[in-house]
Structures are given as C-alpha cells and as structure tokens.
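Data block below; observations after.
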Amino acid sequence: MSDKVKVSIIMPVYNAAKFLDRSISALINQSYPNIEILCVNDGSEDNSLKILNKYAQKDCRVKVFNQENQGPAIARNMGLDNSTGEYIMFCDADDKYEPTMVEEMVQTIQEQDVDLVVCDVNIIRDGSKRKIGKTNPYEKLAFKGKLDLDKEKHIERKIHVFLWKKIFKKSLIDKYNVRFADGLKIDDMVFIQEYILISHTAYGLNHALYNYYLTNNSIMDKSVKNITKDYFDLLLASKCCLNFASSLKNINKNKIDYLMKNTMDQVYYWSQFVSKEELNLYIYLIYEMISVFNHKIEKNDYPILYYANNKNLLKVKQLLSNFNKRQPKKLSLAEKIFSIRNSFDSKHKVFTVIGCSIKIKRKKSHREIV
C-alpha cells in the first residue's frame, strides 16, 4: 500500500475544549502520515478555537475553519468543500482513532476495491472499554467481508448511519454532490443513505479501530423518550433521500428496497411515540415513494410484507388502510357546483366552482413536508 494517497479527516467542533487534546493527538500520531485534518469550529463559546489554532501552528496538516454556530451539517459540508484528499473520513471531537485506523481503512478500501469500508468500534464509558451488548445492536459491526450492495436485499440491516466508523471515496461524493442536509440533527442519515444509493460494494473490517466515548450527551446514551422531538427531522431526512433517489438515472430494485424499508422502519419505530396525525405524514411519504418508484416495484413487493412478524404490523396496516381511504373521491353534484376542501397531500386548498377546480397553496407550518 502506498501512502501517497491523501485522506481528509473532517471534524466538526462545538464547545469540545476538554476533549480536543485527546482527539487531535490521536489523529496527528496516526501510522498513516498523508492526511489532512479539517477542523471546523462551529461557533464554540469555550477555548476550542484557541486549542485548534495551537495544533495548526504545530502541524501543517491541521487546517482550521471558523464559522458562526450553524450546526454539524454545515460544518461537515465546509470540511467536504475544502477537502483535497482522495478519501474522506470523519471523527467526532470527543472521540479518538486507534493509532492504525487510517492505515487499515485505506489499505482495505484499496486492496478490496470497494466503495465503502466499515470498521468495528470500542464503546468507552468512564474510561473503560466495554463489549457491545444486544441492547445496542446498531453499534455492532453487522457484516464482515465484502458486500455487493446491488444484490444485497437487506442493506438496512448491515450498514448503519454512523459516520465515524467509515471511509468514503471523494470522487463518488463529488460526482453526485452528496452533502449533509442543512438544519437536520440527523444529517448523517441523509449522507449515508445517499452514498449507499450510488455505491456498489462495501467491506466490513472486523477490527475495532474507533473509540466512541459514551457520555450523557451521546446519542446512544439517550432514552427514546428524550429524542422523540427529532421525529420531524427524520421525516424531512427521508424526504431528502427520496428526492435524491428519484434524481438518479440508474438505481436498481435493491437500492429502492433499502430506501423504502428504512422509511418503514421509522414508521414502526415512531408509531409508539407520536400522534396519529403526525404518523400520517410518514404514511403519506410511503405512498409518495411507492408512486415515484412504481415502475420498479413488483406487484408483490409492497414493503409491508417484509415485516410479517413485526408486532406493529396490524397497527400500520390499519393506518395505511385509513390513509388510503383519504384519497380523492368523485365529487357529488353539489360539490361540483361549489366546494372548498383540502387536497390529498394537505398542501393546497381546492376551490371548485361549476366543475372548474383551482388549487391555492396553503401556508406551510413547521410540521409540513417540504
């Protein structure tokens, strides 16, 4: 393996002063030297910027960018826009790479000739490593060896949305302009799913190369009830992925299947926490996805069939059935003369006068799909 290939490591930083010595030291001491470390200070109010500048003065590979607080999505996009490496990796400011992580990831993606490599991870709480248990299945490396993404029927079970345990090809990212969704807390979901939609192969590297420090603020350590406020972020993220997928000229059935099943997973997961009205927004998105990709979905491939053993199956079937009943019906004679009603997608008011209908766009609320 040649170390001539440069790797860009992107790190968004927000009030992470007490962790930066640990995370940046691990990066500059990597066994693979040809790296650039793009640290984007996202309006930190502590000494983060000062610490970043200190490392930049000591090591020219550390590049510091400063912006007002705009969130991790814009910070990561700034890193992507300024990256010059052939491969892209990410690191959270409070975590740490193992000394050989970059070297092993580059070696694997080159030797295996794949579009994506996923490694395993150490979960660390109170300074001690712990084994990954069944209670946190998304942490665990879900596949080992090579994976053909064009043929795999269960991609959503194999590759999860965590950025920091992966290496990506910058050429693919740039070709399809894959970026993080501005304003969404779960912007990594959009980035990962879009990247998978344009990738063909992946490799599971059975080495724990990333150290994830579990704190009270860590996503993995939050109770479900504390993150239900992110429901609409998930909705908009799914919408972003749908728009991206529909723009691709060539996308095979398994990739569509992957996107739809991920959306269905969200329906099942959130159905226990949100109101029926809120859940109907997701149900509408499923119908929209089916409509967009109808020409590539076989008659018996309706995504609900994949979850025959799911405890929420009957509930979601009923929701889908109820939602289907909301589709536009034929107008009565009186309604053809004059009526005012909401459109099927609730985005317009429909005025009908003597058989002629006019749609007027309703004012959007913060909960509507954009």
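Under this note's numbering, the very last position in the sequence shown is 370; numbers go up by exactly one each time. For each residue, glycine too, the CB sits at the ideal point set by N, CA and C. If you're wondering where the values come from, they're calculated on a predicted model, not measured in any experiment.
Would you say residue i and residue j are within 8 angstroms of each other, going by their C-beta atoms?
{"i": "S44", "j": "N77", "result": "no"}
{"i": "I51", "j": "L27", "result": "no"}
{"i": "D42", "j": "N69", "result": "yes"}
{"i": "A202", "j": "V114", "result": "yes"}
{"i": "G71", "j": "K144", "result": "no"}
{"i": "Y195", "j": "D95", "result": "no"}
{"i": "D46", "j": "A75", "result": "no"}
{"i": "E156", "j": "D265", "result": "yes"}
Could you round the C-beta distance between residue i and residue j to whole angstroms and report it? I think they count as a contact, below 8 angstroms.
{"i": "V64", "j": "N53", "result": "6 angstroms"}
{"i": "N250", "j": "D120", "result": "That pair is no contact at about 32 angstroms."}
{"i": "D187", "j": "A73", "result": "4 angstroms"}
{"i": "E98", "j": "L209", "result": "5 angstroms"}
{"i": "K255", "j": "L197", "result": "5 angstroms"}
If we count the other Cβ atoms within 10 Å of its Cβ and call it buried at 16 or more, is residue i buried or exposed?
{"i": "Y302", "result": "Residue placement at Y302 is poorly supported in this model, since its pLDDT is 42, which falls under 50; the coordinates are not used for a value here."}
{"i": "N262", "result": "buried"}
{"i": "S48", "result": "buried"}
{"i": "Q193", "result": "buried"}
{"i": "L248", "result": "exposed"}
{"i": "D257", "result": "buried"}
{"i": "T108", "result": "buried"}
{"i": "S25", "result": "exposed"}
{"i": "K166", "result": "buried"}
{"i": "S199", "result": "buried"}
{"i": "K175", "result": "exposed"}
{"i": "K153", "result": "exposed"}
Could you tell me the alpha carbon to alpha carbon distance between residue i and residue j, rounded to whole angstroms?
{"i": "D148", "j": "N29", "result": "34 angstroms"}
{"i": "F180", "j": "F191", "result": "5 angstroms"}
{"i": "K146", "j": "R61", "result": "32 angstroms"}
{"i": "K169", "j": "P12", "result": "19 angstroms"}
{"i": "S211", "j": "I360", "result": "Reading the sequence as shown, one finds Asn at residue 211 and not Ser. So the two alpha carbons sit approximately 53 angstroms from each other."}
{"i": "L184", "j": "D233", "result": "6 angstroms"}
{"i": "R22", "j": "S8", "result": "19 angstroms"}
{"i": "E104", "j": "V117", "result": "10 angstroms"}
{"i": "F90", "j": "T84", "result": "14 angstroms"}
{"i": "E36", "j": "G79", "result": "11 angstroms"}
{"i": "N10", "j": "A245", "result": "A small correction: the amino acid at residue 10 is Ile; Asn does not occupy that position in the sequence shown. Distance between the alpha carbons of I10 and A245 is about 25 angstroms."}
{"i": "L38", "j": "K151", "result": "35 angstroms"}
Closer than 7 angstroms to a non-hydrogen atom of the ligand FMN - does that hold for the CB of residue i?
{"i": "D187", "result": "No copy of the ligand FMN occurs in the structure displayed, which carries no ligand at all."}
Give the DSSP bridge partners of residue i, in chain order.
{"i": "A208", "result": "D120"}
{"i": "L457", "result": "Because the chain here runs from 1 to 370, residue 457 falls outside it and cannot be looked at."}
{"i": "L147", "result": "A202"}
{"i": "Y213", "result": "I124"}
{"i": "F244", "result": "Paired residues: none, contrary to the question."}
{"i": "T84", "result": "Answer is none; T84 lacks a bridge partner."}
{"i": "Y97", "result": "Y210"}
{"i": "M89", "result": "I9 and I167"}
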